[in-house]
Amino acid sequence: MKDRLREIHLTVGIATLLVFLGTGGYLRMSFPDLYAGDETVRYLFRSRHVYLLFSSLINILLGLYFHQSQSPLGARLQFGGSLLLLAAPLLHITAFLMEPLSQVRLITIAATFLSFVGTLAHVLGSYQLRR
Numbered sequence: 010m011k012d013r014l015r016e017i018h019l020t021v022g023i024a025t026l027l028v029f030l031g032t033g034g035y036l037r038m039s040f041p042d043l044y045a046g047d048e049t050v051r052y053l054f055r056s057r058h059v060y061l062l063f064s065s066l067i068n069i070l071l072g073l074y075f076h077q078s079q080s081p082l083g084a085r086l087q088f089g090g091s092l093l094l095l096a097a098p099l100l101h102i103t104a105f106l107m108e109p110l111s112q113v114r115l116i117t118i119a120a121t122f123l124s125f126v127g128t129l130a131h132v133l134g135s136y137q138l139r140r
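Here the sequence shown is numbered in the numbering used here, starting from 10 and rising by one per residue.
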């Protein structure tokens, strides 16, 4: 299961990195017309763009360096954390597409929260690995 999780994290991370590059191209080509000098709109688009990079890098790192805990509790924490970290990029992509002009950022907040809790679960699971 460990190797499969690593592959999935790496695949999701690379795919999200490609989406990040694509959204960067979109912002470079179309963005000046979209934001029309409104710095708030510019900030909202750019922040969601950077969140894509953030979630892709977390998954790439887990894909490269994940070591499963031998402790049953640690392994469960890591597995749960992985599920959350794998869901976060999908929510960040959804937020980029659906929330950029909205100041209500529920999807972005949910995705960032999943990343936080997923990372915390991996840290705690890794602590179990060292015990």
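Just so it is clear, CB atoms sit at the ideal spot from N, CA and C, and this is done for glycine as well.
Leu99 vs Gly22 beta-carbon contact at 9 Å: no
Helix, strand or coil at Gly46 [DSSP, three-state]: Looking at Gly46 - three-state DSSP - the assignment turns out to be coil, as it is neither helix nor strand.
Ile69 to Arg13 span [Cα, whole Å]: 14 Å
Under 9 Å between C-beta atoms of Thr117 and Tyr60: yes
Spatially closest choice to His58 from Thr121, Gln87 and Leu19, by CA coordinates: Thr121
C-alpha gap between Arg114 and Leu19, whole angstroms: 27 Å
Proximal residues to Gly90 (C-beta, below 6 Å), its chain only, five neighbours per side dropped: Gly127, Ala130 and His131
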